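Residues in the sequence shown are numbered from 25 upward in steps of one, following this note's numbering. Only one structure is covered here, and it is reproduced in the block below.
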Amino acid sequence: IILGQPELLDILAKTEMRQLAQRITARFHLQPLTKEEVKAYVSHRLAVAGQNIQLFPENSIKLLFKLSNGVPRLINILCDRALLGAYVEAQHSVHPSILKKAATEVFGELKNVERQQKNKQILYPVVAVASVAIIAIVLFLYFTFSPAPETQNLSEKDNEAAGTTSINTAADIATIDTTPELIEESVSESPLPESIASDETIQSNDISSDISSNEPVDLAEAAATDNQLNHDYEEASGIPADTPVGTPADTPVNPPLLAKQKFDEIGEILSTKRNGQIAAYQELFKAWNQTYNKKSLVTVCKQAKTFALSCLHKQGNLNSLKAHNRPAVLKLVNNNGKTQHVTITSIQDKLATVYSNNKKYTIQLSDLDQYWYGQFIILWQRPEHYSSAITPGDNGSIVNWLNTHFTENKHSIDNAANTYDDKLIKKVKQFQADHGLSADGIVGPVTIIHLNTESDLNVPTLARQS
Numbered sequence: 025i026i027l028g029q030p031e032l033l034d035i036l037a038k039t040e041m042r043q044l045a046q047r048i049t050a051r052f053h054l055q056p057l058t059k060e061e062v063k064a065y066v067s068h069r070l071a072v073a074g075q076n077i078q079l080f081p082e083n084s085i086k087l088l089f090k091l092s093n094g095v096p097r098l099i100n101i102l103c104d105r106a107l108l109g110a111y112v113e114a115q116h117s118v119h120p121s122i123l124k125k126a127a128t129e130v131f132g133e134l135k136n137v138e139r140q141q142k143n144k145q146i147l148y149p150v151v152a153v154a155s156v157a158i159i160a161i162v163l164f165l166y167f168t169f170s171p172a173p174e175t176q177n178l179s180e181k182d183n184e185a186a187g188t189t190s191i192n193t194a195a196d197i198a199t200i201d202t203t204p205e206l207i208e209e210s211v212s213e214s215p216l217p218e219s220i221a222s223d224e225t226i227q228s229n230d231i232s233s234d235i236s237s238n239e240p241v242d243l244a245e246a247a248a249t250d251n252q253l254n255h256d257y258e259e260a261s262g263i264p265a266d267t268p269v270g271t272p273a274d275t276p277v278n279p280p281l282l283a284k285q286k287f288d289e290i291g292e293i294l295s296t297k298r299n300g301q302i303a304a305y306q307e308l309f310k311a312w313n314q315t316y317n318k319k320s321l322v323t324v325c326k327q328a329k330t331f332a333l334s335c336l337h338k339q340g341n342l343n344s345l346k347a348h349n350r351p352a353v354l355k356l357v358n359n360n361g362k363t364q365h366v367t368i369t370s371i372q373d374k375l376a377t378v379y380s381n382n383k384k385y386t387i388q389l390s391d392l393d394q395y396w397y398g399q400f401i402i403l404w405q406r407p408e409h410y411s412s413a414i415t416p417g418d419n420g421s422i423v424n425w426l427n428t429h430f431t432e433n434k435h436s437i438d439n440a441a442n443t444y445d446d447k448l449i450k451k452v453k454q455f456q457a458d459h460g461l462s463a464d465g466i467v468g469p470v471t472i473i474h475l476n477t478e479s480d481l482n483v484p485t486l487a488r489q490s
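Written out as structure tokens, the structure reads:
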């Protein structure tokens, strides 16, 4: 049993506390009391103490609720001080004036601290506004009174640059007129800037249909480009480009296909805006060849009963999920605290098949376990006459069903009666021990789930028994 303040929830939400959080089987949060609950709470405490007279009038209860905000700890402290004050003043009940004095004694120092905090909260905005105003004034003065830039030097530099450009242009024209062969050679050898090269590459793809078919293609340059693309993609995605690219006749590498195979599927599931709860129940019912009606006002478990199925809410881990061996709805929690519901339908080695918002995913069990805190819901097929756990001494049709199961599965049992006696109990305990269950002889939902699995009924399982 773990007891703590609300801050305990923040501690349990940490990643390193995940294993501990998974082992909490039940949670209860004590919320602040309402005004009616405060009155009932005070009356109960007085009754336990042996006082049947209402010592706190209605107006005192209202004031008590206002002062304590419904927090039980503060109610206890205020009432204790108020009762002491009423005793000192020889009063038979706690009037609001006495309660106010008690509140002054309890909250006196606390109010002083709160007042100081409020003063600080008022001071912070004032300082911030003053700082912004000072910065604005300094910037205004700087740009208003700063000297204008000198333009003469810039003009001279522009003239010099223009003269240089003219000379270079004249030389270039002369070169063009006299040596055209050198122009072709310099153009072919001069490297283009990266941005221009990229643009030309894209444009060449767009206008490839306009190029004459007899125009020569530099295959070596194309191969080098493809190899560079493969190298860049390998660094970005972490997937090696194993297929060598030499000529267009080679099998091309398809980066989008590889990216799809490498995509973080658990990340896609957790980033979906819809929590997928309805879709998860639809997939769970579909695993049992049934249909979940999302428009019905009937709850999930009541809908399951119409198909001779029952719900089972559990808290566990991957091992307990595998032990139950049934499709389940899991509640995942991402790093932002947002919940997402998925349906797990099969487990094979280290992989799990899950459905999220009617989309199928294959993910690593380790990834699933990272965002799953152990809560899951399964459906199980209950026997026809089953209403509650079968205990020693029970009799009737449900015991006949139990006898029939052990007979069909070749468990040697000499019991023709319909009473759950010692001989049948012994066999049930042995069965429970063989399957890692608590060998108490009580046949509950978990034992029946294992009996149904062994009976080879047409029930969906996460993994087929070997």
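Using N, Cα and C, we set each Cβ at its ideal position, and we do this for glycine too. Remember, predicted model here, so these are calculated numbers, not experimental data.
Terminal residues of the beta strand (DSSP E) in which residue i lies
i, result
"Q405", "W396 to Q405"
"I387", "K383 to Q388"
"T377", "L375 to S380"
Pick from the options that is closest to residue i, judged by C-alpha positions
i, options, result
"I368", "H459, I159 and A487", "A487"
"L389", "L342, Q43 and A37", "L342"
"K59", "S92, I77, L36 and T386", "S92"
"G340", "Q364, F400 and A304", "F400"
"I572", "S67, N83 and K86", "Only positions 25 to 490 of the chain appear in the structure, and residue 572 is not among them; the question remains open."
"K338", "A347, F331 and T330", "A347"
"V357", "Q46, I371, I25 and S479", "Q46"
"W404", "W396, I48 and L308", "L308"
"D391", "V378, K383, N382 and I402", "V378"
"K398", "A352, T415, L102 and L448", "Correcting the residue identity first, residue 398 is Gly in this sequence and not Lys. The residue with the shortest Cα to Cα distance from G398 is A352."
"N427", "L475, P469 and W396", "L475"
"Q314", "G94, Q75, G74 and P484", "P484"
"L354", "A376, N360 and R69", "A376"
"Q394", "L27, P30, E31 and Q43", "Q43"
"F411", "K453, V467 and F89", "Looking at the sequence shown, residue 411 is not Phe but Ser. Answer by Cα proximity: V467."
"T49", "V162, I25 and P96", "I25"
"T39", "N359, D458, V151 and Y65", "N359"
"R51", "A71, G28 and R69", "G28"
"L312", "K297, L165, G460 and T330", "For clarity, residue 312 is Trp in the given sequence; the question names Leu instead. Taking only the C-alpha atoms, the option nearest W312 is T330."
"H365", "Q372, S380 and D373", "S380"
"N442", "I414, D458, Q454 and K453", "I414"
Contacts around residue i, its chain only, beta-carbon distance under 6 Å, and the 5 residues preceding and following it disregarded
i, result
"I302", "K318"
"L98", "S92"
"E289", "Y385 and I387"
"V324", "Y305"
"L33", "none"
"A126", "L102, R105, A106 and G109"
"H409", "S421 and I422"
"P120", "N83, S84 and L87"
Cβ-based neighbour list, residue i, same chain, cut-off 8 Å, excluding 5 preceding and 5 following
i, result
"K362", "L294 and N299"
"M41", "I35"
"P407", "I422, W425 and I472"
"K86", "K59"
"V62", "I85, L88, F89, S92, G94 and I99"
"I449", "P416 and G465"
"N382", "A303, Q306 and E307"
"T477", "N349, V483, T485 and Q489"
"T296", "Q364, S380 and N381"
"L481", "Q405"
Same chain only: Cβ atoms within 7 Å of residue i, ignoring 5 sequence neighbours per side
i, result
"Q456", "S462, A463 and T471"
"A328", "S334, C335 and L403"
"V130", "I101, L102 and R105"
"Q285", "For Q285, the pLDDT reaches just 40, beneath the cut-off of 50, and the residue's location in the model is therefore unreliable, although a value from the coordinates is still provided. If we look at Q285 and ignore the five residues flanking it on each side, it has no Cβ neighbours."
"L345", "A352 and F400"
Where the alpha helix (DSSP H) containing residue i begins and where it ends
i, result
"I35", "E31 to L36"
"D458", "D446 to D458"
"R42", "R42 to Q46"
"V470", "P469 to E478"
beta-carbon residue i near the ligand SAH non-hydrogen atom, thresh 7 Å
i, result
"I368", "You won't find the ligand SAH in this model; it holds no ligand whatsoever."
Would you list, in sequence order, the uninterrupted alpha helix (DSSP H) runs of no fewer than 4 residues that lie entirely inside the region 288 to 364?
-> 289 to 295, 301 to 311, 324 to 329 and 342 to 348
Do the region 311 to 319 and the region 407 to 423 touch if we need at least three Cβ pairs shorter than 8 Å?
-> no
Length-filtered (4 minimum) alpha helix (DSSP H) runs lying within the region 59 to 122 | 59 to 72, 82 to 92 and 96 to 112
contact_flag[the region 148 to 161, the region 113 to 128] where n(CB pairs < 8 Å) is 3 or more = no
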